[in-house]
Amino acid sequence: MNSPDTDTATKTLTVVNPYDLSPVDTVTENTPADIENALAGAFALFRDRAAWLPGHERLAVLEKTVTLMEQRADQLIDIAIREGGKPRRDTRAEILRAIDSVKATIAALRTDAGDVVPMGLTPATGNRMAFTQREPVGVVVAVSAFNHPLNLIVHQVAPAIAAGCPVIVKPAPETPLSCFAFIDILHEAGLPQGWARTIVTSDNTLAEKLVTDSRIGFFSFIGSAGVGWVLRSKLAPGTRCALEHGGAAPVIITGDSDVYEVREALLKGCFYHAGQVCVSSQRIFAHTKIATRFATQLAMKASGLVVGDPMLDETDIGPLIRPAELDRIHEWVLEAVDGGGQLLTGGEKLTDTLYAPTVIFNAPLDCRLMTEEVFGPVVCVDPWFKVEDALDRANSLPTAFHASVFTRDVERAMAISNGLDASAVMVNDHTAFRADWMPFAGLRQSGLGTGGIPHSLRDMTVDKMIVLRTDSLESPPDADPV
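If you're matching positions, the sequence shown starts at 885 in my numbering and goes up one per residue.
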């Protein structure tokens, strides 16, 4: 595994397996000089239009990247499991998604084009034709998260390559190895070294220096809202950005729903990757007619999930990324139970990083589990009688991302969907559903801009309009200049 681009080794970072906290690899952290070299090199490439990679070369790199990723899928799976802790079945799905994300980037690059701008509609616009073409926005800096260590990197880096932007990527300090593997594959696929660079640092001051530099054209951030909004406030004038944070995703279940069907769907939505997903189903509002029965059924199934070694195929739930997160989650659970919530299952520390899947019924509406993103294997079920109350509770937070509604009535499904504050509403499915090409956007404090492969590609380019004046185009003889 390659280390990041660095000339001077002053500090190292140990990547640990979150399951047993054993060391996986040691990585050299970058220095301020490394960051300056990366910025200077990337900016010089962008400013030299003669050095820009033509579209056919970018396509060839991405196509070769797909081939190499497919050949090394098993290796990529093992790397991601060891550093990120996601169970093997889910990690296998992530790597396949990452490969498909590169394919989606290729498809988007083949079809993303400029537009014809109508001319000749007024006397003053005669003798002209106009069109737009796409150009790279500039140097892209991508700061990524740990929970999908390969696919998130692909979502941030592949569109930048497709757009023709030099890209500098800073992976999460806990999971840099998948990022190294992907950047290595890009270079092996023919991408010149300077077009994609990795920066690794656990120093927030250095990370801020990288992000806020005036040479940055676009900043892509996946992580906590607290960090993302602060960094956005410090961006240099002219730097565009996209922020992907999270929220406490709400689910509304109507009284006509099939308890068992909903249970199976939400079992995945609540506990996938131990709840370490920005759109994990966290707050379930179930009609009083079925609330108790549904909560009991969900707890029964959750208690049967296999929690353990993510390397094993039979494991359903793996570890949290670090012990401190487990301690925080347990504190939140105790707060909810002490406040009157009924613990139906879980609420137990199994190891330093393994936490039992937890279901709490009727938790206090003001506890942290009901007001903040838990990012853990915990879900709260809250009963409602009037749908207006369910919507009020679902919409009560300053975050808004994905939401779900379960019902057998299509008119009710549409009415509730229209009443939810969310960028996407899943009907009869869990909130964590995502296709990599669909728009993926947090509202309010949950984010800024729209993710998803084609949308990121569009964000990383700018429209340049060409207006061609020629006497060969028909124009009224009395047209006045503007």
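Where is the CB? At the ideal position from N, CA and C, for every residue including glycine.
Residue i: first and last residue of the uninterrupted alpha helix (DSSP H) it sits in
| i | result |
| --- | --- |
| Q1017 | Here Q1017 belongs to no alpha helix (DSSP H); instead the beta strand (DSSP E) covers 1012 to 1020. |
| H1039 | 1035 to 1047 |
| H940 | 939 to 955 |
| K1093 | 1088 to 1095 |
| P1338 | 1337 to 1343 |
| G1112 | 1109 to 1117 |
| M1254 | 1252 to 1255 |
| V1146 | 1143 to 1155 |
Residue i - DSSP class collapsed to helix/strand/coil
| i | result |
| --- | --- |
| V899 | strand |
| M1310 | strand |
| F930 | helix |
| H1171 | strand |
| M1349 | strand |
| E1209 | helix |
| S1187 | helix |
| S887 | Note that S887 has pLDDT 47, beneath the 50 cutoff, so the model's placement of it is unreliable and no number is given. |
| R1292 | coil |
| P1134 | strand |
| I979 | helix |
| T892 | No answer about T892 holds up, because its pLDDT of 48 lies below 50 and its placement is not dependable. |
| L1281 | coil |
| L1070 | helix |
| F1064 | helix |
| F1178 | helix |
| A1325 | coil |
| L1332 | strand |
| I1001 | Here the sequence assigns Val to residue 1001, which means Ile is not the residue at that position. Three-state DSSP puts V1001 in a strand. |
First and last residue of the uninterrupted beta strand (DSSP E) at residue i
| i | result |
| --- | --- |
| E1232 | Element bounds for E1232: n/a, residue is neither H nor E. |
| V1025 | 1023 to 1027 |
| R1081 | 1080 to 1082 |
| V1053 | 1051 to 1054 |
Which listed residue (the options) has its alpha carbon closest to that of residue i
| i | options | result |
| --- | --- | --- |
| M1184 | G1153, E913, V1243 | V1243 |
| A991 | V1289, A944, E967 | A944 |
| G1336 | P1043, A917, A977 | P1043 |
| I1083 | A926, T989, R1177 | A926 |
| I1100 | P1248, P938, L923, L1341 | L923 |
| Q1346 | C1251, G1048, C1264, N1035 | Here the sequence assigns Val to residue 1346, which means Gln is not the residue at that position. Nearest of C1251, G1048, C1264, N1035 to V1346, Cα basis: G1048. |
| D932 | S1280, V1000, G1078 | G1078 |
| Y1239 | V1163, H1157, E978, D1250 | H1157 |
| I965 | L1182, P1194, T1006, Q955 | P1194 |
| H1032 | P1076, P971, P1007, L1070 | P971 |
| D1305 | I919, V1191, M1003, A1132 | A1132 |
| P1050 | A1091, F1103, A1029, F1030 | F1103 |
| P1338 | M1310, D918, D984, A1299 | D984 |
| L1253 | L1227, R1081, D1276, V1271 | L1227 |
Expected contact under 8 Å - CB spacing of residue i and residue j to nearest Å
| i | j | result |
| --- | --- | --- |
| I1045 | L1094 | Not really, about 19 Å apart at Cβ, beyond 8 Å. |
| V1024 | K1054 | About 11 Å separates the two Cβ atoms, so there is no contact after all. |
| F1285 | G1130 | 7 Å |
| T1315 | S1165 | 5 Å |
| T1096 | A1120 | 6 Å |
| G1224 | P1241 | About 21 Å; that fails the 8 Å criterion. |
| L1034 | L960 | 6 Å |
| T1085 | E967 | The pair is not a contact, with the Cβ atoms about 17 Å apart (cut-off 8 Å). |
| K1233 | L1204 | 10 Å between Cβ atoms; not a contact. |
| T949 | V986 | 6 Å |
| M1310 | S1288 | 4 Å |
| P1020 | M1344 | 7 Å |
Those residues which DSSP pairs with residue i across a bridge
| i | result |
| --- | --- |
| D909 | V899 |
| C1125 | F1103 |
| C1264 | R1167, I1244 |
| I961 | According to DSSP, which records beta bridges pairwise, I961 is partnered with nothing at all. |
| A1287 | V1309 |
| I1201 | V1191 |
Chain B contact for residue i (CB, 9 Å cutoff)
| i | result |
| --- | --- |
| G1074 | Note that chain B does not occur in the displayed structure, where there is just one protein chain. |
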